[in-house]
Structures are given as C-alpha cells and as structure tokens.
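Below you'll find the structure, written out as structure tokens, and then a few comments.
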Amino acid sequence: MQAAQFDLVVLGSGIAGLSAAVHAADAGQSVLVLTKGELAHSATRYAQGGVAAALFDGDDSPELHLSDTLAAGAGLCDADAVRVLAIEGPDRVRALMAMGAEFDRTGDGEAATLALAREGGHSVARVVHAGGDATGAEIERALVAAATATAAEVREGWLATDLLVEDGRAVGVRAIDPSAGEVEVRGRHTMLATGGAGQCFAVTTNPALSTGDGIAMALRAGVAVADAEFMQFHPTALHHPSMPRPLLSEALRGEGAVLRDEQGVAFMAEEHPQGDLAPRDVVARAITRRLNERGLDHLWLDATAIEGFAARFPTISNACHEVGLDPTRDWLPVAPAAHYLSGGVCTDLDGATTLPRLWACGEAACSGVHGANRLASNSLLDGLVFAKRAVDAIRAGRDGPDDTGVMRGVTARAHAPAAAVAPGSATRTDVQTIMTRDAGVLRDALSLERAANALAALAGPSSPDVQNLMTVSAALVRAATARRESRGTHTRLDYPERSSEFLGRFVFAGGEPGFVPLAAPAPEPAR
Ligand SMILES: Cc1cc2nc3c(=O)[nH]c(=O)nc-3n(C[C@H](O)[C@H](O)[C@H](O)COP(=O)(O)OP(=O)(O)OC[C@H]3O[C@@H](n4cnc5c(N)ncnc54)[C@H](O)[C@@H]3O)c2cc1C
C-alpha cells in the first residue's frame, strides 16, 4: 500500500481516534483509520460511569471542574491543559449529542433534562451517562456511525507496528495488513490514538487490546513520553477470575454504596474527608493496605441501599448476576485493578508531539490534564477535546509543537531512538506477572529493582503486542524508580510523603528518563 498518501493517518478507533477522523473528514481531509481489531472495538466501549463536563450554570462551572481536576491531579496537572478541558468540554459533549449520542435524561417529554451523576473527586453532579452504565458503548456506537458516514477509509484488523520517520518528521507507519503482511502506510500527518496500557498488569479492567502500542512506538522512535509511573488502579473491580475485570463504577458510591472491610466495618470516613467519594488513588491505597496487612485478596462494596439498581446500572447488574451475585442483597467482593495510564506521549495544548507531523490524543497522550491521578470521567472528555484541537491545528497548517502545556521544557531535550529488541519467547503473562508482583499499587525501591531485573531478563518478545508491553512496562518501572516520593497514583512505601523536589515530570526521549520541572506549578486547591 505504498502508493496512497493520506492527509491524516489515524491509529485507533476509540473516542479519540474516531473523533479526530470524523472531524478531519468532515473538514474535507483524506483520512485513513487503522485499527487492530474491529472498528467498534476499543476501551472506549467499556466505559461505564460517563463523561464529566460543566454543562449547566447553577452550582457548577468550568472553574469548579478545573479546581476538582487539579485537586485530584496532586500538583502535576498542567493547569492550562485542564482549563482547556473544562472550558471546551461542554461544547464537545453537545457536539457528540448532535452527532447522535443519546445520554440518559430525567423528567418527561419536553421538560426532560440530562441526568447528571456525581462521582469520586467531583464536588457536584456533572457526569452525563448513557444506558445507565453503558456510556462507552453508546458513544462508540454514535462515533462509528458518524465515521462510517464520512469519506474516511477504514482498515480493520491492521496492526500498526512502528512509526515511519524521514527527514526528522513522521510520514506514516509500518503496519501488518492481515492479508498482505508488512506494509507502509503514508500520511502527511499521523495521529496516535491507540489508548492505554492496562494489560501491563495481570489484573486490569482494560480489554486485551490495551497494550500501549502508540506509547511504545513513540519510545522506540525517541519521541518524548512522560508520566509513565502514573498508572491509575481502579479501587473497585469485581474480584473474580474473569478478565478484563468487570468494573464496579465509582457512580455506585455516588449513589450511596459503601466500602466495608472483612468485618463489615465502613472505613473510608477515617481515610479522607470525602469518605467513599475520595479520589481513586486514596481509595485504592486504603483497600490495598488493608489487603496486605490482613492477608486478604478482596474487601466488600455494599450497594444494597441503592434503589432501582438494575435500571440505573444494568451492565453492572448483569455482570454481578453472571457470577451468581445479587447486588441488591449481596455485598460485592472488590479489589483494585490497573485501569488508566495518566502518562503517555507528551503533547502541547494542540496534541502536537516532539516529532513534527506526529500527533497524539486520548489515553495514549500525556496532555497534562490528569497529572498524577485522573479525575473520574475526565478521560472520555480528554479524548473528545484534544482530538478536535489536534485536527484544528493540522488544518491551520501546524507541523510541530508549540511551547505550551506539557511541552514546556520538553522540546529542548535531545532525542535518541531506542534500540530494537530481538524477538524471543516472552509472553504477555510473563510481563503481567512481574508488573503485578512488583510494580502495582504499592511499590518500593526493592520491588522496582526486582521488576526491572526480571523484565530485562525476559527472553525477548514473542509478538509485537508483547514487545510493546515490555517497552511500556520498562518505562513505567524506570520512572517509578526515579520518583522517590508518593504522589497521586504512584505510592512508594519507602518514600511515603509527597516531596517538592519532584514537582515535575520524568520524560523519556530515548534512554533514561530526564526530570523536567513544571514550568508553572498548578495551584492545588485546599481540600
Ligand atoms: C471498564 C472501563 C470503564 C471506564 N469508564 C470510564 C468512564 O466512565 N468515563 C471515562 O471518562 N473514562 C472511562 N474509562 C477510560 C476510558 O474508557 C478510556 O480512557 C478511553 O476510552 C480511551 O479512549 P482512546 O480513544 O484513547 O483509546 P481506546 O478506546 O482504548 O481505543 C484505542 C484504539 O486503538 C486501537 N489500537 C491500539 N493499538 C493499535 C495498533 N498498534 N494498531 C492499530 N490500532 C491500534 C485499538 O484497537 C482501539 O481501537 C473506562 C475504562 C475502562 C476500561
């Protein structure tokens, strides 16, 4: 497929990739979407709780959304990026509705208004949802329909393996066409929208496709990647052998569900002023500490007080019944699971990376909006907002990054592509076992050293997916080793306090991560 040259090659068909594709195609650009599974398959379609945006005046505002996001981000958010997210978010949600996404409403007929849920870390109810707890499925449905109605071309089952770089800029990707083998796909611009990397861990809410491919491709090409240590662990995945782990959304606690220990004691009030609605990192740590101290593998979520459970949370209700639990009667066994990577490919406020003509958005990107800990329901919004901004920047003729957002202080760093690793027999399970044992919710220097050594001793990857998992896992472990403090989702048992020495990001641009202090530390609202 060497011949065709597209204006934009988009890797990935989740909320970020399809938003970018629709927007660019609607603007008359020639667009190719490459996706390694089916068009409708992504982490996006698993999203439950919803999309956070200050849609209505009254007790909410973009300023309040900004302040909640900064508080969750533990000092590492880029305040400019969060401001962009909070201010532009409402219009992006409205555009998604105009595209056909149907969110849940309360009231009847013309008086019906959008139903808003409150989730952990949000000071008001501002989360729109669909089908009760099937928000991602509805968004993916609407975006697939919209993308299919444009002139964008789609290649399903195509695996992008590496970036093509010529004369210091991205010119497309190398990919595996299922019917023809390895091919080159050329584009004037290339967009990484390949999602997260929860599959680095054995216990995860992420689907099998979340193997950090775009981030690994960037690392291999020497494109700056930051905040790799900040893997968010969702505190309440259903404790059950199925994988990905069914998620028991934070919205359950927003509706009154309570965490209880093995004695039935509700414990979150003693951990945080917001109790069961504390930010995720606080809840995941509180649970993991109890599990480790008491030799348990799960605690309990008591959702029995929620009225109309099956109607409000049909997906969760079905998942519980499938394993023989009735959430209106039974306490639900829960344990933390790898859920969301706050870090990724560094971008400016318009999605531009350090490699000219390479753009990144969604979970694969590090735009700075999540800092050290993502606020619940901010990631779908992140994909919507920054995908559009990147396409707008491309249309405006931009090629490379501006000195804005996370990119401040990063563009000056020298780039060095990483060496390729020879294939071997290491499997996904090999990587997951190491990461889960030694680089999970609670880490220390010894466990991280064990993880680094064990990853280095693996016998080379058995497939591109495994290679990507190894690359991203190694970056996560190196950044976690370098960050000798506890902040957000990164908890070091040997450095339990937050330290002003680490008010910045560990940035990879080939080789060891370099520390880049925050250009303008984000104010941390008092909580
Ligand atoms: C169970 C669950 C519940 C969640 N609930 C919420 C929620 O309520 N609210 C919220 O805001 N967020 C939620 N999240 C997080 C949110 O869903 C994700 O962060 C978001 O959907 C990521 O979107 P994305 O477009 O960046 O990536 P994804 O949706 O993961 O899409 C990535 C795409 O890239 C493709 N791809 C990957 N690698 C390659 C490759 N090498 N070549 C070609 N294609 C490739 C994949 O096939 C896929 O199509 C949840 C996540 C999970 C797992």
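Counting in the working numbering, the sequence shown runs from 563 upward without gaps. Ideal Cβ positions, reconstructed from N, Cα and C, are used throughout, including at glycine.
Using the beta-carbon count (16 or more within 10 Å), is Val907 buried or exposed?
So Val907 counts as buried.
- Query: In terms of residue numbering, what span does the alpha helix (DSSP H) encompassing Gln1029 cover?
  - Reply: Pro1026 to Ala1044
Own chain partners of Gln564 with C-beta closer than 6 Å, once the 5 adjacent residues on each side are dropped: Its pLDDT being 49, under 50, Gln564 is placed unreliably by the model, and the measurement read from it follows with that caveat. If we look at Gln564 and ignore the five residues flanking it on each side, its Cβ neighbours are Glu746.
Residue burial classification, Leu1008 (beta-carbon count within 10 angstroms, cutoff 16): exposed
Go through its chain and collect everything with a Cβ distance to Leu1080's Cβ below 6 Å, but skip five positions before and after it.
Leu1065 and Gly1066
* **Beta-carbon proximity of Ala708 to Val896, cut-off 8 Å** => Result no, Cβ atoms of Ala708 and Val896 do not sit closer than 8 Å.
- Message: Is Ile878 near ligand 1 - that is, is its Cβ less than 7 Å away from at least one heavy atom of it?
- Response: Between ligand 1 and the CB of Ile878, the shortest heavy atom gap is not smaller than 7 Å.
- Reducing DSSP to helix, strand and coil, say where Pro652 ends up. helix
Ala582 beta carbon less than 8 Å from that of Ala1037
Contact flag unset, no.
Can you tell me whether Ile738 is helix, strand or coil according to DSSP? strand
Review point. Can the beta-carbon of Ala713 be found less than 8 Å from the beta-carbon of Leu596?
Key: no
Would Gln761 pass as a contact of Leu1031 if the rule is Cβ separation under 8 Å? With respect to Leu1031, Gln761 sits close: the two C-beta atoms are nearer than 8 Å.
ask   = Apart from the five residues on each side of it in sequence, which residues of its chain come closer than 7 Å, Cβ to Cβ, to Glu700?
value = Ala663, Glu664, Ala692 and Gly693
Can the beta-carbon of Ala660 be found less than 8 Å from the beta-carbon of Arg667? no
Q) Is any heavy atom of ligand 2 found at a distance shorter than 7 Å from the C-beta of Tyr1057? A) Absence of ligand 2 is noted for the structure shown, with ligand 1 being the only ligands found.
Subject >> Run of the beta strand (DSSP E) containing Ala899, from where it starts to where it stops >> reply: Ala899 -> beta strand (DSSP E) spans Leu894 to Leu903.
Below 8 Å, can you find three or more Cβ-Cβ pairs linking the segment 751-765 to the segment 904-923?
Three or more Cβ pairs closer than 8 Å define a contact, and the segment 751-765 meets that threshold against the segment 904-923.
Gly599: beta carbon under 7 Å from a heavy atom of ligand 1?
yes
| query | Counting pairs of Cβ atoms below 8 Å between the segment 674-690 and the segment 840-855, do you hit three or more? | reply | yes
Notebook entry, point to check: Which residues in the same chain as Asp569 place their Cβ atom closer than 6 Å to its Cβ, once the five residues preceding and following it in sequence are excluded?
Noted result: Residues of the same chain with a CB within less than 6 Å of the CB of Asp569, apart from the 5 flanking positions on each side, are Gln591, Ser592 and Arg750 in chain order.
Quiz prompt | Simplified DSSP state of Gly906, which is helix, strand or coil | solution = strand
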